[in-house]
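Here the structure comes first, spelled out in structure tokens, and everything after it is commentary.
Protein chains: 2
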Amino acid sequence: MDDMTMRSRLMTARVAHMATVSGANRPHVVPCCFAVRGDTVYSAVDGKPKSTRALQRVTNLRANPSATLLVDHYDEDWTLLWWVRIDANGRVLDGGAEFENALTLLGAKYEQYQRDAPAGPVVALDIHTWRGWP
Amino acid sequence: MDDMTMRSRLMTARVAHMATVSGANRPHVVPCCFAVRGDTVYSAVDGKPKSTRALQRVTNLRANPSATLLVDHYDEDWTLLWWVRIDANGRVLDGGAEFENALTLLGAKYEQYQRDAPAGPVVALDIHTWRGWP
Chain R
1 MDDMTMRSRL MTARVAHMAT VSGANRPHVV PCCFAVRGDT VYSAVDGKPK STRALQRVTN
61 LRANPSATLL VDHYDEDWTL LWWVRIDANG RVLDGGAEFE NALTLLGAKY EQYQRDAPAG
121 PVVALDIHTW RGWP
Chain E
1 MDDMTMRSRL MTARVAHMAT VSGANRPHVV PCCFAVRGDT VYSAVDGKPK STRALQRVTN
61 LRANPSATLL VDHYDEDWTL LWWVRIDANG RVLDGGAEFE NALTLLGAKY EQYQRDAPAG
121 PVVALDIHTW RGWP
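These protein sequences, in sequence, are chains R and E.
Numbering of the first sequence is given in my numbering, commencing with residue 1 and proceeding in unit increments.
Numbering of the second sequence is given in my numbering, commencing with residue 1 and proceeding in unit increments.
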């Protein structure tokens, strides 16, 4: 898969799966909405009711900044399968200009956020590696 | 989400996302087909052409057996979102009765495997924790 296709598929996907690692070296994975600017992926912890465990990704990134995020297509015709995965260093934003810009970007991509704005924090993933399959 | 709903949603999902951790404590996530028997999830490295990186989950599990697997539903109506996640200890099966049984189970769930049988190895995830949202 060429670079332009990888970027286009990442930009336009509506949901991704983000994996992080806990301080005890256990994996964690969540589905998430996200937006991309340049080589950074932004995702917000939104305002919907969640258990405290929903913040596991934030706790994990504070302990270990390694993160990976995958967008993929499943189809019963397995010749149509694809995925794009980015490996990244994660940062947790609790406020400031980048935080506000991320919320604006997320609101522009998802009209759902215009009714129910995410409260944050925002996770910022600085991409260092792109992979695509096939 | 009650236990019966969690199990039913895991059993019937066609694709899951499996996360593991590398020896260097970096997260890895892949979409995968899978089948469940009792409290074990089985997934095979299939016969489709893959780069050597496709085996990262196997390398990771040999170094760190912690694994997590998530099935989820995305919908533009965010009141319909749900996910089920299991945390597990992973084992890599290269052959034997459990390996053969896993391939049979996968073949029964996915007719695609009847045309293109997975070569293995098989990843077995022994579930120790279930979570569901909402």
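Note that the Cβ used here is the ideal one computed from N, Cα and C, for glycine as well.
| Item | Value |
| --- | --- |
| Contacts that Leu140 (chain E) makes with chain R (C-beta to C-beta distance below 9 Å) | The structure shown does not extend to residue 140 (chain E), since chain E spans only 1 to 134, so no value can be given for it. |
| Contact set between Val41 (chain R) and chain E, taken where Cβ atoms lie within less than 9 Å | Correct list: empty, because the minimum Cβ distance to chain E is about 14 Å. |
| Gly132 (chain E) to Leu125 (chain R) span [Cα, whole Å] | 26 Å |
| Exposure label - Met4 (chain R); buried when at least 16 CB within 10 Å | exposed |
| Val21 (chain R): contacting residues in chain E (beta-carbon distance under 8 Å) | Val21, Asn25, Arg26, Pro27 |
| Test: Trp130 (chain E) CB closer than 9 Å to a CB of chain R | no |
| Secondary structure of Ala24 (chain E), DSSP reduced to three states | coil |
| Where Gly132 (chain R) sits in the DSSP three-state scheme | strand |
| Minimum Cβ-Cβ distance from Arg62 (chain R) to chain E less than 9 Å | no |
| C-alpha distance - Ala102 (chain R) paired with Ala19 (chain R), whole-angstrom precision | 20 Å |
| Residue nearest to Val123 (chain R) in terms of C-alpha spacing, selected from R:Met6, R:Ala35, R:Arg9 | R:Ala35 |
| Segment contact flag, the stretch 76-93 of chain R with the stretch 22-29 of chain R, C-beta cutoff 8 Å, min 3 pairs | no |
| Proximal residues of chain C, C-beta to C-beta of Ser66 (chain R) below 8 Å | No chain C appears in the structure shown, which is made up of the protein chains R and E. |
| Contact with chain E by Glu76 (chain R), beta-carbon distance below 9 Å | yes |
| Neighbour flag for Arg85 (chain R) against chain E, beta carbons, 9 Å | yes |
| For Cys33 (chain E) and Thr104 (chain E), the rounded distance between their alpha carbons | 14 Å |
| Proximity of Leu106 (chain R) and Ala63 (chain R) at Cβ, strictly below 9 Å | no |
| Span of the beta strand (DSSP E), counted from its first residue to its last, around Leu90 (chain E) | Looking at the sequence provided, one finds Gly at residue 90 (chain E) rather than Leu. Its beta strand (DSSP E) spans residues 82-93. |
| Val58 (chain R): first and last residue of the uninterrupted alpha helix (DSSP H) it sits in | 56-63 |
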